[in-house]
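*Asks:*
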Amino acid sequence: MRRVYLATTLIFWLLVSAFWAGSLWLPSAEESVAVAAEKVITQSELVRHALPDNCWMAIRGKVYDVSAYLPEHPSRPDLVLPWCGKEATEAYDTKTKGRPHSAYADELLATYRIGSLATDKQ
C-alpha cells in the first residue's frame, strides 16, 4: 500500500510540474486576447483626435491616446499639441531637437496604447 501511495504521489507531482512547464511556453490568455482584439485605427480616424482634450498620435505604427498625459508631460504641452491627430514617430524619436526619449518614456507610452495605425494595404 505504501508503494501505491508513493507512486501516485510521484505521478501527481510529475503531472503538476509538466503542466507548469508547459504553461511557460504557451502565450497567456491575456496576451492572446490583446493581440486578437487590438483595434486598427485609420488615418482619417486619427485626424479626428487632434484636440488637447482628445489627443491621439501614431508612433512607430501604433496609436496612443495621450490626452490624459498632456498636463503631466515634463515640457510644455504646446510642444506636443501640434502632433495630435498625426503620425509623430520622428518627433517622438528626436524630441524635435535630435534627442531620443528615455526608456522610461517608452514604457510610459505603452500604457496609453489604444491600437495600430492602418496601413495603406488594409
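FYI, the UniProt record's numbering numbers position 69 of the sequence shown as 69, with every residue one higher than the one before it.
The beta-carbon is built from N, C-alpha and C at its ideal position, and this holds for glycine as well.
Please read all numbers here as calculations on a predicted model, not as lab measurements.
Which residue's Cα is closest to the Cα of His49: Thr119, Trp83, Thr94 and Gly98?
*Replies:* Within the sequence shown, the letter at position 49 stands for residue 49. Comparing Cα-Cα distances from His49 to each of Thr119, Trp83, Thr94 and Gly98, the minimum goes to Trp83.
*Asks:* In the DSSP assignment, the alpha helix (DSSP H) including Arg3 goes from what residue to what residue?
*Replies:* Here residue 3 corresponds to residue number 3 of the sequence shown, with the count starting at 1. Run containing Arg3: Arg2 to Trp25, per the alpha helix (DSSP H) assignment.
*Asks:* Taking only three categories from DSSP, how would you classify Gln122?
*Replies:* Here residue 122 refers to the residue found at position 122 when the sequence shown is read from its first residue. With a pLDDT of 46 at Gln122, under the threshold of 50, the modelled position of this residue cannot be trusted, and the question is left open.
*Asks:* What is the residue span of the alpha helix (DSSP H) that Leu108 lies within?
*Replies:* Stepping through the sequence shown from its first residue, residue 108 is reached at position 108. That run of the alpha helix (DSSP H) goes Ala103 to Ala110.
*Asks:* With a threshold of 6 Å on Cβ separation, who are the neighbours of Arg113 within its own chain once the five nearest residues in sequence on each side are excluded?
*Replies:* On the sequence shown, residue 113 is found 113 positions in, with the first residue counted as 1. Here the set comprises Lys62 and Tyr64.
*Asks:* Do Pro52 and Leu81 have their C-beta atoms within less than 8 Å of each other?
*Replies:* Reading the sequence shown from its first residue, position 52 is the one you call residue 52. Reading the sequence shown from its first residue, position 81 is the one you call residue 81. Contact: yes.
*Asks:* Let's test the definition: count the other Cβ atoms within 10 Å of the Cβ of Ala21 and tell me whether it reaches 16, buried, or not, exposed.
*Replies:* Locating residue 21 in the sequence shown gives position 21, counting from the first residue. Burial call: exposed.
*Asks:* What is the DSSP secondary structure of Ala58, reduced to helix, strand or coil?
*Replies:* Against the sequence shown, residue 58 aligns to sequence position 58. Ala58: strand per DSSP, three-state reduction.
*Asks:* Can you tell me which residues form a DSSP beta bridge with Lys39?
*Replies:* Within the sequence shown, the letter at position 39 stands for residue 39. DSSP output for Lys39 lists Gly115 as bridge partner(s).
*Asks:* In whole angstroms, what separates the C-alpha of Glu72 from that of Leu24?
*Replies:* Position 72 of the sequence shown, counted from the start, is the residue given in the question as residue 72. Position 24 of the sequence shown, counted from the start, is the residue given in the question as residue 24. The alpha-carbon atoms of Glu72 and Leu24 are separated by roughly 37 Å.
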